[in-house]
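S.K.: Right, I'll just put the structure down here and ask away after.
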Amino acid sequence: MNLGLTEEQSLLVQSFKGFFEKECPADRVRQAEPLGFDRELWPLVRNQGVLDMAVPSHAGGWGASLLDLSLIAGQHGRSLTPTPILEAQSAVRLLSSLPEGPSQELLAGALAGERLVTLALRDEQQDQLRLVPGGAVATTVLFGRGQSVMVVDPV
Numbered sequence: 001m002n003l004g005l006t007e008e009q010s011l012l013v014q015s016f017k018g019f020f021e022k023e024c025p026a027d028r029v030r031q032a033e034p035l036g037f038d039r040e041l042w043p044l045v046r047n048q049g050v051l052d053m054a055v056p057s058h059a060g061g062w063g064a065s066l067l068d069l070s071l072i073a074g075q076h077g078r079s080l081t082p083t084p085i086l087e088a089q090s091a092v093r094l095l096s097s098l099p100e101g102p103s104q105e106l107l108a109g110a111l112a113g114e115r116l117v118t119l120a121l122r123d124e125q126q127d128q129l130r131l132v133p134g135g136a137v138a139t140t141v142l143f144g145r146g147q148s149v150m151v152v153d154p155v
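Heads up: the sequence shown is residues 1 to 155, going by our numbering.
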């Protein structure tokens, strides 16, 4: 059994490693504090396809595997890139799995860069959302309410 990376996965890792090394030096990471978000860097990261690849091909994305996404996550963490890649990838994956309707408009807006989506990791409790990674910079938050996925645009 070969547990090594495929040639395509190795190229993916090298591509993102090079991109993050070029675009995200340590001083840029420090300048992104206190939110840990660099507004000028986010479009550059998004243009690398990080959101499109998280969406299955049947929903109009690139259909990357979870392993592919985790390889990108490793490079993201290695460079401490001040962007909410993992949060946004999780949110667009969720949106792509929902029935047609408003969720598809949100997905299109996120992929076009019109919205920065994230999700609350816990269901709404007493009209409050908790554990919302990227919530300080997101324009749209997805959260659970029972068996439904709800949307809120933070103020």
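Every residue, glycine too, gets a C-beta built ideally from N, C-alpha and C.
It should be emphasised that the depicted structure is a prediction, and the values quoted were computed from it without experimental measurement.
1) Does M150 come out as helix, strand or coil in the three-state DSSP assignment?
2) Please state whether the Cβ-Cβ distance between S90 and L119 is less than 8 Å.
3) How far does the beta strand (DSSP E) with L142 in it reach, from first residue to last?
4) Which residues in the same chain have their Cβ closer than 7 Å to the Cβ of L51, if we skip the five residues on either side of it in sequence?
5) R115: buried (16+ other C-beta within 10 angstroms of its C-beta) or exposed?
6) V137 lies in the beta strand (DSSP E); which residues open and close that run?
7) Considering Cα atoms alone, identify which of E23, D123, E40, E124 is closest to L80.
8) Would you check if the stretch 31-42 and the stretch 66-84 touch, i.e. whether three or more CB-CB distances between them fall below 8 Å?
9) What is the DSSP secondary structure of Q128, counted as helix, strand or coil?
10) Using a Cβ-Cβ cut-off of 6 Å (strictly less than) and excluding sequence neighbours within five positions of G144, which residues of its own chain qualify?
11) If we ignore side chains and look at the alpha-carbon of each, how far apart do N2 and V152 end up?
12) State yes or no: is the C-beta of L106 within less than 8 Å of the C-beta of T140?
13) Since P154 contacts G135 with CB under 8 Å, what's their CB separation in whole angstroms?
14) Can you say whether R46 is buried or exposed, counting buried as having 16 or more other CB atoms within 10 angstroms of its CB?
15) Please identify the residue among G113, A138, M150 whose C-alpha is closest to the C-alpha of D127.
M.R.: Inspection of the coordinates gives the following:
1) Translated into positions along the sequence shown, residue 150 becomes position 150. Here M150 sits in strand by DSSP.
2) As a position in the sequence shown, residue 90 is number 90, starting the count at 1. As a position in the sequence shown, residue 119 is number 119, starting the count at 1. Yes, they are a contact pair.
3) For the purposes of this step, residue 142 is taken as the residue at position 142 of the sequence shown. Per DSSP, L142 belongs to the beta strand (DSSP E) from 140-145.
4) As a first step, residue 51 must be located in the sequence shown, where it is residue number 51. Counting only Cβ-Cβ distances below 7 Å, and skipping sequence neighbours, we find A88, Q89, V92, A110, L111.
5) Numbered from its first residue, the sequence shown carries residue 115 at position 115. That one is buried.
6) Sequence index remark: in the sequence shown, residue 137 carries index 137 (1-based). Where V137 is concerned, there is no enclosing beta strand (DSSP E), given that its DSSP letter is neither H nor E.
7) Here the question's residue 80 lines up with position 80 in the sequence shown. It is E23.
8) yes
9) Against the sequence shown, residue 128 aligns to sequence position 128. Here Q128 sits in strand by DSSP.
10) Counting from one through the sequence shown, the residue named residue 144 turns up at place 144. For G144, where only same-chain residues beyond five positions count, the Cβ hits under 6 Å are D123.
11) In the sequence shown, residue 2 corresponds to position 2, counting from 1. In the sequence shown, residue 152 corresponds to position 152, counting from 1. Cα to Cα, the separation comes out at about 44 Å.
12) Here residue 106 is taken as the residue at index 106 of the sequence shown, counted from 1. Here residue 140 is taken as the residue at index 140 of the sequence shown, counted from 1. The answer is yes: Cβ separation under 8 Å.
13) What you label residue 154 is simply residue 154 of the sequence shown in a count that begins at 1. What you label residue 135 is simply residue 135 of the sequence shown in a count that begins at 1. With a Cβ gap of about 7 Å, P154 and G135 count as contacting.
14) The residue you call residue 46 lines up with position 46 of the sequence shown. Its Cβ being crowded by 16 or more others within 10 Å, R46 is buried.
15) The count along the sequence shown starts at 1 and reaches residue 127 at position 127. The shortest C-alpha separation from D127 is found at M150.
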